[in-house]
Amino acid sequence: SQDSGELEFPVENAVQRYHKDEVCTWFIIVSTDKAIELNFTQIVFESPENCNNRYLRINDKLTGTEWLYCKTLTAGELPVVTSASNRVVINFKASTWMSNHFKLSWKTVVPNCGGEIEAKSHGTIDSPRFPYNYPPNQDCEWRLMAPPGKKIKL
7 SQDSGELEFP VENAVQRYHK DEVCTWFIIV STDKAIELNF TQIVFESPEN CNNRYLRIND
67 KLTGTEWLYC KTLTAGELPV VTSASNRVVI NFKASTWMSN HFKLSWKTVV PNCGGEIEAK
127 SHGTIDSPRF PYNYPPNQDC EWRLMAPPGK KIKL
């Protein structure tokens, strides 16, 4: 369990190649009180877009949240994905060896917790990882602010 790392697949100039339609899987697991931030620097797929034959899928194991990418993304489109939990699974599938690859760096982060909220007509506040267990050793505090002359009802 590391606090950061890099993942590139396939590795540039790799001798061993993946097989056609093979699904490759990586698990990133960090301390239970942390979340994971994935910062992509490359996502390249041969065209056209086809999520059946090629994809990069990230799954937050605790919440079930999933991010799916099936096409080449340019610099302005490359995502930063932040999990709500300490475990993510990355799946990569490609129908051919050439022109399909990704590269990312990852690091542990403290899950979002608390902050200032400017009240609107209505809204919700959820504890971290809701509806799942609250992470250990976190002290979250929210400051709710209403416009002048208005009240907040909880």
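In this text, residue positions in the sequence shown follow our numbering: the first is 7, and each later residue adds one.
Yeah, the Cβ is synthetic: ideal placement off N, Cα and C, and Gly gets one too.
Because the structure is a prediction, the values reported are computed rather than measured.
In this structure, the straight-line span from the alpha carbon of C30 to that of T80 is close to 23 Å.
Here I158 is exposed: its Cβ has fewer than 16 other Cβ atoms, across all protein chains shown, within 10 Å. The count of Cβ pairs closer than 8 Å, one atom from the region 82-90 and one from the region 40-47, reaches three, so the stretches are in contact. Rounded to the nearest whole angstrom, the C-alpha separation of T130 and L62 is 32 Å.
Here L74 has C57, Y61, R63 as same chain residues with Cβ atoms under 7 Å from its own Cβ, once five neighbours each way along the sequence are excluded. About 21 Å separates the Cβ atoms of R93 and I49, ruling out a contact at the 8 Å cut-off.
DSSP, reduced to helix, strand and coil, places G82 within a helical segment of the structure shown.
DSSP lists no bridge partner for S89. The alpha-carbon of Q8 is positioned some 39 Å away from that of M151. Within the same chain, Cβ atoms closer than 7 Å to the Cβ of L68 are found at A90, S91, R93, R135, Y138, the five residues on either side in sequence being excluded. Per DSSP, the continuous beta strand (DSSP E) segment holding Q48 begins and ends at 41-50. If you ignore the 5 residues before and after E14, its C-beta comes within less than 6 Å of the C-beta of K109, all in its own chain and listed in chain order.
The C-alpha of I123 lies about 23 Å from the C-alpha of N143. If you draw a 10 Å sphere on the C-beta of K99, you find 16 or more other C-beta atoms in it, and that means buried. Note that the C-beta distance between W112 and S37 is not below 8 Å.
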